[in-house]
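Undergrad: First the structure, which I've put down as structure tokens, then a few questions once you've had a look.
Number of protein chains: 2
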Amino acid sequence: MKEVRVDTPGGRYPIRIAPGRLDHLADAVPADATTLVLVTNPTVAALYADRAEAALAKSGKKVLRIELPDGEAYKDWQTLNLIFDGMLAQHCDRRAVIVALGGGVIGDIAGFAAAVYMRGIRFIQVPTTLLSQVDSSVGGKTAVNHPIGKNMIGAFYQPLAVEIDTDVLNTLAPREVSAGLAEVIKYGAILDADFFAWCEDNVVALRALEPAAVAHAIARSCELKAFVVSQDERETGLRAILNFGHTFAHAIEAGLGFGTWLHGEAVGCGMVQAAELSVTATGLPQREADRIRALVQAIGCPIYGPDLGTARWLDYMQGDKKTEAGQIRFVLLPRMGEAVRTPAPEDQVRQALELTVAKTAGAQATVVA
Amino acid sequence: MKEVRVDTPGGRYPIRIAPGRLDHLADAVPADATTLVLVTNPTVAALYADRAEAALAKSGKKVLRIELPDGEAYKDWQTLNLIFDGMLAQHCDRRAVIVALGGGVIGDIAGFAAAVYMRGIRFIQVPTTLLSQVDSSVGGKTAVNHPIGKNMIGAFYQPLAVEIDTDVLNTLAPREVSAGLAEVIKYGAILDADFFAWCEDNVVALRALEPAAVAHAIARSCELKAFVVSQDERETGLRAILNFGHTFAHAIEAGLGFGTWLHGEAVGCGMVQAAELSVTATGLPQREADRIRALVQAIGCPIYGPDLGTARWLDYMQGDKKTEAGQIRFVLLPRMGEAVRTPAPEDQVRQALELTVAKTAGAQATVVA
Numbered sequence: 120m121k122e123v124r125v126d127t128p129g130g131r132y133p134i135r136i137a138p139g140r141l142d143h144l145a146d147a148v149p150a151d152a153t154t155l156v157l158v159t160n161p162t163v164a165a166l167y168a169d170r171a172e173a174a175l176a177k178s179g180k181k182v183l184r185i186e187l188p189d190g191e192a193y194k195d196w197q198t199l200n201l202i203f204d205g206m207l208a209q210h211c212d213r214r215a216v217i218v219a220l221g222g223g224v225i226g227d228i229a230g231f232a233a234a235v236y237m238r239g240i241r242f243i244q245v246p247t248t249l250l251s252q253v254d255s256s257v258g259g260k261t262a263v264n265h266p267i268g269k270n271m272i273g274a275f276y277q278p279l280a281v282e283i284d285t286d287v288l289n290t291l292a293p294r295e296v297s298a299g300l301a302e303v304i305k306y307g308a309i310l311d312a313d314f315f316a317w318c319e320d321n322v323v324a325l326r327a328l329e330p331a332a333v334a335h336a337i338a339r340s341c342e343l344k345a346f347v348v349s350q351d352e353r354e355t356g357l358r359a360i361l362n363f364g365h366t367f368a369h370a371i372e373a374g375l376g377f378g379t380w381l382h383g384e385a386v387g388c389g390m391v392q393a394a395e396l397s398v399t400a401t402g403l404p405q406r407e408a409d410r411i412r413a414l415v416q417a418i419g420c421p422i423y424g425p426d427l428g429t430a431r432w433l434d435y436m437q438g439d440k441k442t443e444a445g446q447i448r449f450v451l452l453p454r455m456g457e458a459v460r461t462p463a464p465e466d467q468v469r470q471a472l473e474l475t476v477a478k479t480a481g482a483q484a485t486v487v488a
Numbered sequence: 120m121k122e123v124r125v126d127t128p129g130g131r132y133p134i135r136i137a138p139g140r141l142d143h144l145a146d147a148v149p150a151d152a153t154t155l156v157l158v159t160n161p162t163v164a165a166l167y168a169d170r171a172e173a174a175l176a177k178s179g180k181k182v183l184r185i186e187l188p189d190g191e192a193y194k195d196w197q198t199l200n201l202i203f204d205g206m207l208a209q210h211c212d213r214r215a216v217i218v219a220l221g222g223g224v225i226g227d228i229a230g231f232a233a234a235v236y237m238r239g240i241r242f243i244q245v246p247t248t249l250l251s252q253v254d255s256s257v258g259g260k261t262a263v264n265h266p267i268g269k270n271m272i273g274a275f276y277q278p279l280a281v282e283i284d285t286d287v288l289n290t291l292a293p294r295e296v297s298a299g300l301a302e303v304i305k306y307g308a309i310l311d312a313d314f315f316a317w318c319e320d321n322v323v324a325l326r327a328l329e330p331a332a333v334a335h336a337i338a339r340s341c342e343l344k345a346f347v348v349s350q351d352e353r354e355t356g357l358r359a360i361l362n363f364g365h366t367f368a369h370a371i372e373a374g375l376g377f378g379t380w381l382h383g384e385a386v387g388c389g390m391v392q393a394a395e396l397s398v399t400a401t402g403l404p405q406r407e408a409d410r411i412r413a414l415v416q417a418i419g420c421p422i423y424g425p426d427l428g429t430a431r432w433l434d435y436m437q438g439d440k441k442t443e444a445g446q447i448r449f450v451l452l453p454r455m456g457e458a459v460r461t462p463a464p465e466d467q468v469r470q471a472l473e474l475t476v477a478k479t480a481g482a483q484a485t486v487v488a
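Residue numbers (my numbering), protein chains in the order written: chain W, 120 to 488; chain B, 120 to 488.
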């Protein structure tokens with residue numbers, strides 16, 4: 120078993136990574152817990168909820184299962200309230216512990232529910248997608264969407280533990296593997312050029328979910344994210360670099376409607392766009408932007424953004440919560456493995472959009488060798 | 120000007136108490152604020168919003184006013200969302216600062232909005248009722264109600280500052296003054312027997328809002344609350360004693376529908392009930408319970424609970440979030456000025472209800488000399 124430690128002002132906790140962790144969830148249950156609230160969705164539940172419930176029951180605690188409708192489109196107030204309704208109907212008290220079993224949407228909603236139920240109860244993350252294993256389950260960001268923007272309402276709230284079972288990746292659709300790999304290569308691009316090169320060398324093994332390659336990719340991603348989050352829990356500085364590609368990605372998701380593209384797909388494309396902007400704005404060599412485009416394509420993510428019209432692109436990027444005083448702050452690369460947070464001149468943004476937005480519907484399809 | 124300091128892990132901030140503070144709100148505005156979001160309701164707005172807005176504008180910042188419907192009945196998700204809608208429509212970023220101008224409902228909703236908007240922005244409390252000046256604006260509890268229970272969804276989130284203008288009390292209805300005084304005498308009952316005796320001696324001056332008496336009562340209440348909150352921000356121990364009377368009060372509010380009684384009225388009555396339970400459960404001398412009943416009556420609050428039926432009383436108290444492992448934990452008094460948190464045998468609870476619940480509708484009316 121690999122273990123990565125996260126240490127923030129809001130809490131210290133372990134990320135445990137191993138095949139079969141799902142059967143050992145009782146290890147993470149605190150002795151004074153009352154009810155364990157297993158929050159999941161029907162898709163994940165059909166595959167893993169019975170096993171998770173049996174594992175949790177080994178702690179001797181009562182388990183309450185709450186299934187939420189599946190998908191980013193349901194990451195909202197109404198769905199969040201289903202958790203509160205279920206818990207209050209069962210008289211769950213402040214010692215109830217929420218266990219989030221699912222991908223990023225489940226983790227974000229269930230984590231936010233834990234942050235605000237009776238002003239905060241404990242929770243455990245059990246991420247079941249590659250994306251959530253390397254990204255959203257680590258670092259304590261929780262949220263729901265608002266019609267005007269993604270993740271607008273939320274909290275920084277750290278889990279008790281993150282339990283990652285690498286076996287569950289075998290039931291993912293290839294598209295979800297690609298989306299997860301987008302976040303993996305992001306860590307290389309912004310923090311670790313050697314890891315980026317390792318991803319280039321191992322892209323076939325990663326897409327095939329070869330166990331050793333996947334375990335290394337997850338652990339290294341979590342280490343890099345934990346390093347950043349430990350220094351800046353509340354995103355006042357360094358942490359913002361984790362948003363590389365995300366300003367463009369948010370525009371894609373808001374413009375097409377949340378859930379049309381997977382979040383990781385939008386991030387993959389957004390990184391290609393941010394790399395192109397980096398060439399003009401922060402002096403990234405064109406060959407490095409080309410490496411990013413090639414690797415995003417190789418992992419199976421789109422490399423052209425949808426044709427929203429430049430005005431809408433700019434408006435959605437403006438509305439993203441990473442603006443300050445109305446100015447868009449991009450995360451850009453001066454070189455591979457290093458990121459900076461900076462505004463960019465609008466003409467350069469327009470030019471990057473010109474280069475990276477699909478002019479025909481067909482251009483969004485990607486073909487991978 | 121009187122100033123009380125609050126110091127918690129979640130933040131250090133001043134409570135400033137003076138006549139005319141409303142005209143000096145710019146003092147509390149941080150230099151890097153972008154938009155100031157003045158959250159209020161039509162009732163308060165008609166009296167004070169223009170002055171508050173003018174005072175805030177002296178900081179040179181843009182002011183956005185958001186008016187919420189007035190009343191405890193609107194302390195819910197839907198109303199909370201009006202704040203998010205208004206702020207997102209105006210592209211408010213993470214440096215926006217919320218200014219809560221109103222009573223406890225406005226403070227709780229606006230504070231919770233600040234806690235979760237873009238995962239947390241800064242806010243300033245400007246409480247305009249006596250109850251909120253001595254209670255809800257101090258200590259960082261924010262929340263909205265759920266149909267199943269009051270304040271079930273919320274956060275511990277500290278303001279930048281609390282600005283208390285004692286002049287605004289002159290526009291309060293007498294009933295609201297009484298409700299606020301219930302919390303004032305609560306601090307005496309649980310923490311400071313001398314202050315309780317001072318309240319007995321000055322009850323006429325307090326109800327008449329004599330400036331010196333009111334300023335002392337507010338400052339002493341804030342000091343006592345700040346003392347407790349500084350030691351236990353997240354209510355894991357000591358802080359729970361601030362809930363003296365509240366388990367009964369929550370049952371009253373939930374049973375009659377939130378907003379039928381003012382929160383302070385329910386707390387006043389709840390203290391009489393908790394004092395009666397204290398006689399049997401923790402050995403409070405009957406004469407001290409009688410003093411509490413007499414003072415609650417003298418400040419103009421009800422001293423008999425509504426006839427919900429014993430089963431509903433118990434069920435509502437059970438559903439309150441101050442239960443743990445299904446057992447109701449009461450705050451009771453072993454003697455005047457000292458509180459403990461303890462379960463109580465059900466037969467003693469039933470007996471206390473028997474003694475303190477009105478058997479006719481008329482008994483709820485109180486007459487004060």
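Backbone N, C-alpha and C define an ideal beta-carbon position, used for all residues, glycine too.
Compile a chain-ordered list of the residues in the segment 267-300 of chain B whose CB is closer than 7 Å to at least one CB of chain W.
TA: Under the 7 Å Cβ criterion, the segment 267-300 of chain B contributes I267, G268, M271, I272, G273, A274 and F275.
Undergrad: Using a C-beta cutoff of 9 Å, does B/D204 count as contacting chain W?
TA: At least one chain W Cβ lies under 9 Å of B/D204.
Undergrad: Between the Cα of W/I283 and the Cα atoms of W/V476, W/N270, W/T153 and W/H143, which residue gives the shortest distance?
TA: It is W/H143 whose Cα lies nearest to the Cα of W/I283.
Undergrad: Within the continuous alpha helix (DSSP H) that includes W/K305, where are the two ends?
TA: W/K305 -> alpha helix (DSSP H) spans P293 to L310.
Undergrad: Please report the distance separating the alpha-carbon of W/K344 from that of B/V476.
TA: Spanning the two alpha carbons is a distance of roughly 57 Å.
Undergrad: Verify the CB distance criterion: does W/H210 have a CB-CB separation below 9 Å to chain B?
TA: Interface residue, yes.
Undergrad: Given W/I80, which residues of its chain have a CB within under 8 Å of its CB, disregarding the five upstream and five downstream residues?
TA: This structure does not reach residue 80 of chain W, given that chain W is present from 120 up to 488, and the question cannot be answered.
Undergrad: Listed in chain order, which residues of the segment 374-392 of chain W have Cβ atoms closer than 9 Å to some Cβ of chain B?
TA: Answer in chain order: no residues at all.
Undergrad: For W/E407 and W/M455, what's the separation of their Cα atoms in angstroms?
TA: So the two alpha carbons sit approximately 7 Å from each other.
Undergrad: Please state if the CB of B/L141 and the CB of B/A171 are separated by a distance shorter than 9 Å.
TA: Yes, Cβ-Cβ distance for B/A171 and B/L141 is below 9 Å.
Undergrad: Could you tell me which chain B residues have their CB closer than 8 Å to the CB of W/Q437, listed as they occur along the chain?
TA: Within chain B, the residues near W/Q437 are H210.
Undergrad: What does B/A262 touch in chain W if you count any residue whose Cβ is under 8 Å from its own?
TA: Neighbours of B/A262 on chain W, chain order: R238.
Undergrad: By the 10 Å Cβ neighbour count, where 16 or more other Cβ atoms means buried, how is W/N289 classified, buried or exposed?
TA: Looking at its Cβ environment, which holds fewer than 16 other Cβ atoms inside 10 Å, W/N289 is exposed.
Undergrad: Return helix, strand or coil for W/R406, following the three-state DSSP convention.
TA: Of the three classes helix, strand and coil, the one that applies to W/R406 here is helix, per DSSP.
Undergrad: With which residues is W/K478 paired in a DSSP beta bridge?
TA: BP columns for W/K478 are empty, so no partner.
Undergrad: Applying a beta-carbon distance threshold of less than 8 Å, which residues of chain B neighbour W/H335?
TA: By Cβ distance, chain B contributes nothing, its closest Cβ being about 31 Å from W/H335, past 8 Å.
Undergrad: For W/R238, name the three-state secondary structure that DSSP assigns.
TA: Residue state, collapsed to three classes: coil.
Undergrad: Report the option in B/E295, B/D227 and B/L291 whose CA atom is closest to the CA atom of B/V263.
TA: Checking every option, the nearest Cα to that of B/V263 belongs to B/D227.
Undergrad: Would B/I360 pass as a contact of B/V347 if the rule is Cβ separation under 9 Å?
TA: Yes, Cβ-Cβ distance for B/I360 and B/V347 is below 9 Å.
Undergrad: Considering just the uninterrupted stretch of the beta strand (DSSP E) at W/E354, what are its terminal residues?
TA: Element bounds for W/E354: n/a, residue is neither H nor E.
Undergrad: With a 10 Å radius around its C-beta and 16 neighbouring C-beta atoms as the bar for buried, classify W/V323 as buried or exposed.
TA: The residue is exposed, with fewer than 16 neighbouring Cβ atoms inside 10 Å.
Undergrad: Within 9 Å of any Cβ in chain B, is that where the Cβ of W/H265 sits?
TA: It does; some Cβ of chain B falls within 9 Å.
Undergrad: W/V322 lies in the beta strand (DSSP E); which residues open and close that run?
TA: Taken as a continuous stretch (DSSP letters only), W/V322 belongs to no beta strand (DSSP E), being part of the alpha helix (DSSP H) at V322 to R326.
Undergrad: I'd like to know if the segment 294-304 of chain B and the segment 383-392 of chain B are in contact, where contact means that at least 3 CB-CB pairs between them fall below 8 Å.
TA: Touching, yes.
Undergrad: For W/A338, which residues in the same chain have their Cβ closer than 8 Å to its Cβ, ignoring the five residues on either side in sequence?
TA: So the qualifying residues of the chain are K121, V123 and I136.
Undergrad: For B/A370, is the classification buried or exposed, using 16 other Cβ atoms within 10 angstroms of its Cβ as the cut-off for buried?
TA: B/A370 should be labelled buried.
Undergrad: Please report how far the alpha carbon of W/S251 lies from the alpha carbon of W/Y193, in whole angstroms.
TA: The straight-line gap from Cα to Cα measures roughly 17 Å.
Undergrad: For B/L433, which residues of its own chain have a beta-carbon under 6 Å away from its beta-carbon, when the five flanking residues on both sides are left out?
TA: Cβ neighbours of B/L433 beyond the five flanking positions: none.
Undergrad: Considering only their Cβ atoms, is the gap separating B/T366 from B/M436 smaller than 9 Å?
TA: Cβ atoms of B/M436 and B/T366: closer than 9 Å.
Undergrad: Helix, strand or coil: which one does DSSP assign to W/H210?
TA: Three-state DSSP puts W/H210 in coil, outside helix and strand.
Undergrad: Can you give the Cα-Cα distance for W/F275 and B/A336, rounded to whole angstroms?
TA: Cα to Cα, W/F275 sits roughly 37 Å from B/A336.
Undergrad: Thinking just about the alpha-carbon of each residue, which of W/L328, W/P425 and W/V398 is nearest to the one in W/K376?
TA: Checking the sequence, you will find Gly at residue 376 of chain W rather than Lys. Comparing Cα positions, the closest option is W/P425.
Undergrad: When you compare each of B/Y423, B/E354, B/I267 and B/A334 to W/A208 by their alpha carbons, which one comes out closest?
TA: Residue B/I267 is the option with its Cα nearest to W/A208.
Undergrad: If you measure beta-carbon to beta-carbon, which residues of the segment 182-202 of chain W are closer than 8 Å to chain B?
TA: Residues passing the 8 Å Cβ filter: W196 and N200.
Undergrad: Hey, could you find the ends of the alpha helix (DSSP H) B/R170 is sitting in?
TA: Residues D169 to A176.
Undergrad: Count the other C-beta atoms from every protein chain shown that fall within 10 angstroms of the C-beta of B/P421, then say buried if there are 16 or more, exposed otherwise.
TA: So B/P421 ends up on the buried side.
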